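Quick notes on the structure that follows.
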Amino acid sequence: MRSISQRICLILTVIVLSGCFFTGSEVQRWQLATDGATSFSLSRDGRFALYYTNAQGIVLWDLQQNKNLAKFGSQDPAHNTVISSAISDNNRYAITATAQNFAVWDLAWGQSDGLWSISDGIIRDIDIANNGQHVVLGLSNGKALYIDLGTGRRLEFLAHREKVNSVAISPNGQYVLSGGNDYMAYFWDTKTGQIRNRFEHTSRISRVALQRDGLLALTADGTNEAYIWDLTTGEQQAQLSVRLRQQNLSSARFSDDGKTLATGTPAKRVELWDTATGENLGRWEAATQQDARPPSAVVYDVAITSTGQVISGASSGIAQAWTTD
1 MRSISQRICL ILTVIVLSGC FFTGSEVQRW QLATDGATSF SLSRDGRFAL YYTNAQGIVL
61 WDLQQNKNLA KFGSQDPAHN TVISSAISDN NRYAITATAQ NFAVWDLAWG QSDGLWSISD
121 GIIRDIDIAN NGQHVVLGLS NGKALYIDLG TGRRLEFLAH REKVNSVAIS PNGQYVLSGG
181 NDYMAYFWDT KTGQIRNRFE HTSRISRVAL QRDGLLALTA DGTNEAYIWD LTTGEQQAQL
241 SVRLRQQNLS SARFSDDGKT LATGTPAKRV ELWDTATGEN LGRWEAATQQ DARPPSAVVY
301 DVAITSTGQV ISGASSGIAQ AWTTD
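First residue of the sequence shown: 1, per full-length UniProt numbering; consecutive thereafter.
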């Protein structure tokens, strides 16, 4: 009898927790790649999706009109797998990367602006500024590499002592936020390499993000430490009220006004947060690829629309729109 009672209690607990975890509902779904995607980026406003699959190559999709805008094909002649990508804040340019080279794309003209190779490390993360010329790479050798593609100027930021896992560049290309395995995140100037703020964690930092006006930053590690920072003072503004243990973030983006933050995890979770308090405003579960075993999906990117909906793009090749209503 005791065993039966314990099982009943366990089942009820799981049901209650499941009911508490997911809030709101799915508004729309776009099945873009049935074979799954190895990279998936969204524009700031959630309108455009840029993804890569081995079968389709690099594809630009208009989610609002639900149509294919461009097929760029492979990034390089060797058809290497694209593992990371980003769309500039103004939706004009995009950057894609394999382990050892990266390409910049002019989305307005639907063409490549060039292909560059990296010889001294493996690319782990990338970002691009609004002019399509200022890019930043997070590398496995501990470097955060800033490049002005117009002038050829390179700045190697060497403050990190281990792998750089996540980078974010301001829309004007003047500042970078980088985080790595050394438990440190740095906010630094791309003209001088000077550190403006440093943020220390107790575990390796998996994700960083910048608010588009340069007012706020996110740093998150592999435990439950995810902080919102006020960049004007360098002080902590809030800590996200994460309920699950050892939650990694695979993606994060601030709303335009900085009042909310959307995040995604490697384990299907999509969430919305209040940046002033760190309280959770919504939780959802991204769809998995059909017949995938185990049924999981990495949330590669998230965005917040002008109406407050959250858009997610996952390794399942599926984009989804979510609401807290």
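Glycine included, C-beta positions come from ideal geometry on N, C-alpha and C. Keep in mind that this is a model prediction, so the values were computed, not measured.
DSSP-derived helix/strand/coil call for residue i
i	result
VAL302	strand
LYS71	strand
TYR183	coil
THR260	strand
GLN65	coil
ILE83	coil
THR53	strand
GLU26	strand
PHE148	Note that residue 148 is Asp in the sequence shown, not Phe. Strand, per DSSP.
THR277	coil
THR38	coil
ARG47	coil
ASP76	coil
GLN31	strand
LEU177	strand
SER166	strand
ASP325	coil
ARG243	coil
ARG161	coil
ILE11	Reliability of the predicted coordinates at ILE11 is poor, the pLDDT of 40 falling under 50, and no value is obtained from them.
ALA287	coil
Supposed close pair residue i, residue j - CB separation, criterion 8 angstroms
i	j	result
GLY180	ASN197	Between ASN197 and GLY180 the Cβ distance is about 15 angstroms, and since that is not below 8 angstroms, they are no contact.
GLY317	GLN31	7 angstroms
GLY278	ALA238	4 angstroms
ASP45	THR305	6 angstroms
THR275	THR260	6 angstroms
residue 337	TYR146	Because the chain is modelled from 1 through 325, residue 337 falls outside the range shown and cannot be assessed.
SER315	PHE40	7 angstroms
ALA144	HIS160	7 angstroms
SER88	ASN130	5 angstroms
TRP273	LEU240	5 angstroms
TRP284	GLU26	7 angstroms
Residue interval of the beta strand (DSSP E) (run including residue i)
i	result
SER112	111-117
GLU156	153-157
ASP62	57-62
HIS134	134-139
ILE126	123-128
ASN197	195-200
GLY313	310-314
ALA252	251-254
Per DSSP, the bridge partner or partners of residue i
i	result
VAL104	ILE95 and GLY114
ILE228	LEU218 and ALA238
ALA209	LEU218
ASP189	TYR175
GLY142	Paired residues: none, contrary to the question.
ARG269	GLU285
ALA319	TRP30 and GLY313
C-beta atoms of residue i and residue j nearer than 8 angstroms
i	j	result
ALA49	GLY110	no
VAL176	VAL136	yes
residue 367	LEU139	With the chain covering only 1 through 325, there is no way to say anything about residue 367.
ILE128	ALA86	yes
SER203	TYR227	no
GLY214	THR190	no
TYR300	SER251	yes
GLY206	ALA220	Reading off the sequence shown, one finds Ser at residue 206, where the question assumed Gly. Cβ atoms of SER206 and ALA220: closer than 8 angstroms.
ALA303	ARG253	yes
SER255	LEU210	no
ASN101	SER117	yes
THR81	ASN54	yes
SER58	THR96	It should be noted that the sequence gives Ile, not Ser, for residue 58. It is a contact, given that the beta carbons lie within the stated cut-off.
PRO266	ASN248	yes
VAL310	GLY282	yes
ARG92	LEU107	yes
GLY132	ASP113	yes
ASP325	GLY36	no
LEU115	ASP148	no
CB contact below 8 angstroms: residue i versus chain B
i	result
SER241	Looking at the structure shown, chain B is missing, and only one protein chain is on hand.
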